[in-house]
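Reading through the structure tokens given below for one structure.
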Amino acid sequence: MAQKQEEVQIVPENRVYGRPALLTDRVMHYCPGCSHGTIHKLIAEVIDEMGMQDRTIGVSPVGCGVFAYNYIDIDWAEAAHGRACAVATAMKRLCPDKLIFTYQGDGDLSAIGTGETIHTCNRGESIAVIYVNNAIYGMTGGQMAPTTLVGMKTATSPNGRDVKLHGYPFKIAEMIACLEGVRYVTRQSVGTPAGVRRAKKALRKAFENSMEGKGLSFVEFVSTCNSGWKMTPVAANQWMEEHMFPFYPLGDIKNE
Amino acid sequence: MAKIRGAVVIDKERCKGCEVCVVSCPCGVLALSTEVNGKGYAYSYMANPTACTGCASCAIVCPDSCIAVYRQKFPTE
Amino acid sequence: MKEDVRLMKGNEAIAEAAIRSGCDGYFGYPITPQSEVLETLMEMRPWETTGMVVLQAESEIASINMVYGGAACGKRVMTSSSSPGISLMCEGISYIAGAELPCLIVNVQRGGPGLGTIQPSQSDYFQATKGGGHGDYRMIVLAPASVQEMYDFVFDGFDLAFRYRIPTMILSDGVIGQMMEKVVVTRNRGRMSDEEICRQSGDWALTGRKANRQRHVATSLALEPAEMEATNLRLQAKYNEIEQSEVRYDELMTDDADYLIVAFGSSARIASETVQMARKKGLKLGLLRPITLWPFPSERIADLAARMKGILCVELNAGQMIEDVRLAVAGQVAVEHYGRMGGQLFTPGDVYEAVQEKLLKKRRH
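Chains as they are written, first to last, in numbering that gives the first Met the number 0: chain S, 0 to 255; chain E, 0 to 76; chain Z, 0 to 364.
Structure (structure tokens):
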């Protein structure tokens with residue numbers, strides 16, 4: 000009898016967490032366990048909590064995140080590969096009252112789009128740049144990225160990344176942190192509940208900076224690509240902690 | 000004194016069986032099903048429902064936002 | 000009211016017209032021979048008057064993607080460059096065409112290929128009218144032959160771009176860009192307010208997802224073949240409509256002409272002198288000047304060809320527009336080409352000689 004009384008009633012007043020209002024019903028195309036889904040959720044939550052749905056424009060990249068516009072219910076532009084920061088620059092200059100952010104992967108932002116990224120940072124555009132670094136090209140099938148760790152095997156570094164052949168993994172967050180126009184640089188991850196909570200605060204800060212015209216905010220998400228890494232999602236999260244975090248340490252890099 | 004109990008409702012057709020929620024649950028509530036959903040994924044379910052405190056850790060890490068969390072206070076004797 | 004007449008360079012006229020046409024944003028990168036566009040705008044500081052944004056980007060690639068971003072927001076945006084810079088922009092132009100966004104692109108051509116020369120040329124005709132970037136897309140291409148037209152076509156270019164949601168190009172060259180001429184400075188329309196943008200482009204512009212509408216997405220991506228084909232068919236239908244409605248050309252003494260020159264832009268300016276020269280010598284020469292290079296005045300050229308003894312295409316290139324002229328003429332009469340390259344110009348006399356050499360002599364043989 001007592002046991003039965005303690006059964007939680009599934010009613011709206013008992014609901015403490017659920018699907019964010021700004022996520023569309025569409026099932027995401029991402030692989031099981033992919034960090035993109037969690038990051039999308041955080042963006043949807045923060046925009047909703049800030050009451051900014053009607054004043055936000057996102058810029059999606061080329062890469063796995065290309066279809067972000069199918070999942071978060073805001074206005075979006077899909078940029079050419081690497082050019083999201085240039086697209087966002089014009090949007091913010093022309094619509095300074097809008098929340099403008101880019102959503103880019105490591106290939107998009109730190110390979111083909113390095114020039115646009117760095118100059119947008121240097122101009123101090125008041126946008127938020129969301130950078131998903133999973134050290135591999137996911138959408139094209141697991142090729143080496145600028146951020147691929149030394150020794151890491153990918154489709155184009157089948158024997159592991161060799162610095163003589165491919166150079167060193169690229170830490171663009173540290174690089175842009177030294178630019179005057181950049182206000183906030185932080186590195187986060189969404190593999191654990193605590194990590195997700197911290198990442199959400201970082202995202203909120205980046206979005207608030209954008210609205211306050213405080214210059215550019217850059218939020219890197221050290222992420223997994225379990226399909227590309229050829230691991231289960233749980234193993235990928237563990238591998239990320241053991242191998243990615245030592246090279247890409249989490250926390251604020253610049254916070255002015 | 001009051002005791003807090005939780006429960007989760009998982010949209011099993013949206014679940015891709017990544018298992019991240021299972022390992023993130025501090026109370027060992029969740030497990031993957033032996034059956035599969037319409038997409039062929041084993042899905043997460045409450046294998047040990049009485050242990051749930053409604054902390055929402057599972058839902059927070061869920062990449063597919065398919066977990067809703069409920070919490071209720073029960074008076075203790 | 001007294002006319003406002005000013006002496007201006009072609010490039011300065013572009014800048015002046017941009018501000019007066021209610022342009023919201025200009026994004027560009029310096030390259031000779033068009034840098035005065037950006038320089039003039041920076042000198043005029045329109046952000047203090049109309050609120051127009053002027054930004055020197057880090058590259059032409061960034062410039063055109065800024066244009067993409069601004070256009071997606073329903074704003075009146077433009078860029079300008081010269082040939083090598085336009086090559087860099089071709090990817091972005093393809094995306095703008097694919098996402099069906101309006102914008103204005105000015106190409107003040109110089110000679111190529113490669114880094115080429117900073118001297119004038121018309122060797123980007125193919126690039127402007129046939130694509131340049133990837134995919135089945137078109138731009139409306141306006142070819143000014145005077146500084147006045149540089150000025151006027153900024154207004155017309157924006158109007159066409161918004162009417163059809165299509166990138167529109169002013170294909171000029173170093174002659175027109177650098178030349179000084181008097182310009183009647185007409186019109187002065189303000190920038191669009193947010194309400195006007197919603198009225199004009201409310202069904203597609205990114206203005207923030209409102210409660211009363213679905214989200215808007217500017218994209219050229221469609222992975223489903225059926226969806227991508229539908230996009231292409233929609234584009235082609237639009238292009239057909241433009242070909243029906245927007246062809247523009249100018250004619251000089253074609254009514255009684257036996258021979259016809261077809262030339263655009265600065266070549267047409269030079270060739271118009273040749274026509275006068277020929278008439279004085281009793282040769283019935285006429286000129287057709289396509290103003291829109293796409294859509295091309297094919298029908299008019301076909302009509303004229305029926306009563307000509309010969310046609311000469313005069314271009315500052317190795318023979319590009321001649322392909323469209325020959326397609327239009329469809330073998331009714333011989334079509335010859337006269338051109339110079341590498342930044343070299345011809346005089347009216349050179350063109351007259353070419354008419355003699357390529358049309359009259361050939362006929363006699």
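A virtual CB, placed ideally from N, CA and C, is assigned to each residue, including glycine.
What you are looking at is a predicted structure, and each value in this text was computed from that prediction instead of being measured.
Beta-carbon proximity check, residue i vs residue j, cutoff 9 Å
i: S/Val15; j: E/Gly5; result: yes
i: S/Asn121; j: S/Gly180; result: yes
i: Z/Leu40; j: Z/Ile18; result: yes
i: Z/Met307; j: Z/Asp254; result: no
i: Z/Ala61; j: S/Ala85; result: yes
i: S/Ser216; j: S/Phe169; result: no
i: Z/Val246; j: Z/Glu298; result: yes
i: Z/Tyr351; j: Z/Leu287; result: no
i: Z/Gly207; j: S/Ile73; result: yes
i: E/Asn47; j: E/Gly16; result: no
i: Z/Pro289; j: Z/Met320; result: yes
i: Z/Arg75; j: Z/Phe152; result: no
i: E/Ala93; j: S/Arg18; result: For chain E, the structure presents residues 0 to 76; residue 93 of chain E sits outside this window and is missing.
i: S/Val7; j: E/Gly37; result: no
i: S/Gly57; j: S/His80; result: no
Endpoints, the alpha helix (DSSP H) within which residue i is located
i: Z/Phe152; result: 146-163
i: S/Glu5; result: Segment: none, S/Glu5 is in no alpha helix (DSSP H) and carries neither H nor E.
i: Z/Cys197; result: 193-200
i: Z/Arg19; result: 9-19
i: Z/Glu228; result: 224-244
i: Z/Gly68; result: 59-71
i: S/Ala201; result: 192-210
Beta-carbon separation (whole angstroms), residue i vs residue j, contact threshold 8 Å
i: Z/Gly132; j: Z/Ile92; result: 5 Å
i: S/Ser209; j: S/Ser125; result: 5 Å
i: Z/Glu354; j: Z/Ala277; result: According to the sequence shown, residue 354 of chain Z is Val rather than Glu. Rounded, the Cβ-Cβ distance is 7 Å, consistent with contact.
i: S/Asp47; j: S/Ala83; result: Not really, about 22 Å apart at Cβ, beyond 8 Å.
i: Z/Gln108; j: Z/Gly173; result: 7 Å
i: S/Thr147; j: S/Ser156; result: 6 Å
i: Z/Leu87; j: Z/Ser58; result: 7 Å
i: Z/Gly110; j: Z/Met340; result: 6 Å
Exposure label - residue i; buried when at least 16 CB within 10 Å
i: S/Cys177; result: exposed
i: S/Ile248; result: According to the sequence provided, residue 248 of chain S is Pro. The question's Ile does not apply to it. Counting Cβ neighbours within 10 Å, S/Pro248 comes out exposed, since fewer than 16 surround it.
i: Z/Asp123; result: buried
i: S/Met0; result: With a pLDDT of 43 at S/Met0, under the threshold of 50, the modelled position of that residue is not reliable, and no figure is offered here.
i: Z/Gly264; result: buried
i: Z/Gln118; result: buried
i: Z/Glu2; result: exposed
i: S/Thr334; result: With chain S covering only 0 through 255, there is no way to say anything about residue 334 of chain S.
i: E/Lys72; result: exposed
i: E/Lys11; result: buried
i: Z/Asn106; result: buried
i: E/Ile3; result: exposed
i: S/Glu211; result: exposed
i: Z/Asp23; result: buried
i: Z/Leu232; result: exposed
i: Z/Asp202; result: exposed
Residue(s) in a DSSP beta bridge with residue i
i: Z/Cys312; result: Z/Val261, Z/His336
i: S/Ala127; result: S/Phe100, S/Ser216
i: Z/Met365; result: In the structure displayed, chain Z extends from 0 to 364; residue 365 of chain Z sits before or after that span and is not available.
i: Z/Glu38; result: According to DSSP, Z/Glu38 bridges with nothing at all.
i: Z/Pro119; result: Z/Arg109
i: S/Asn254; result: S/Tyr183
i: E/Arg4; result: E/Gln71
i: E/Val19; result: Beta-bridge pairing links E/Val19 to no other residue.
i: S/Asn132; result: S/Val221
i: Z/Thr78; result: Z/Ile104
i: Z/Trp293; result: Z/Val140
i: Z/Glu180; result: Z/Met7
Limits of the unbroken beta strand (DSSP E) element including residue i
i: E/Ser56; result: Per DSSP, E/Ser56 belongs to no beta strand (DSSP E); it is in the alpha helix (DSSP H), 56-60.
i: S/Ser109; result: Per DSSP, S/Ser109 belongs to no beta strand (DSSP E) and is neither H nor E.
i: Z/Leu326; result: Element bounds for Z/Leu326: not the beta strand (DSSP E) but the alpha helix (DSSP H), 320-328.
i: Z/Pro289; result: 284-289
i: Z/Thr346; result: No beta strand (DSSP E) contains Z/Thr346, which DSSP labels as neither H nor E.
i: E/Ser32; result: 29-35
i: S/Gly57; result: 55-59
i: E/Ala41; result: 41-45
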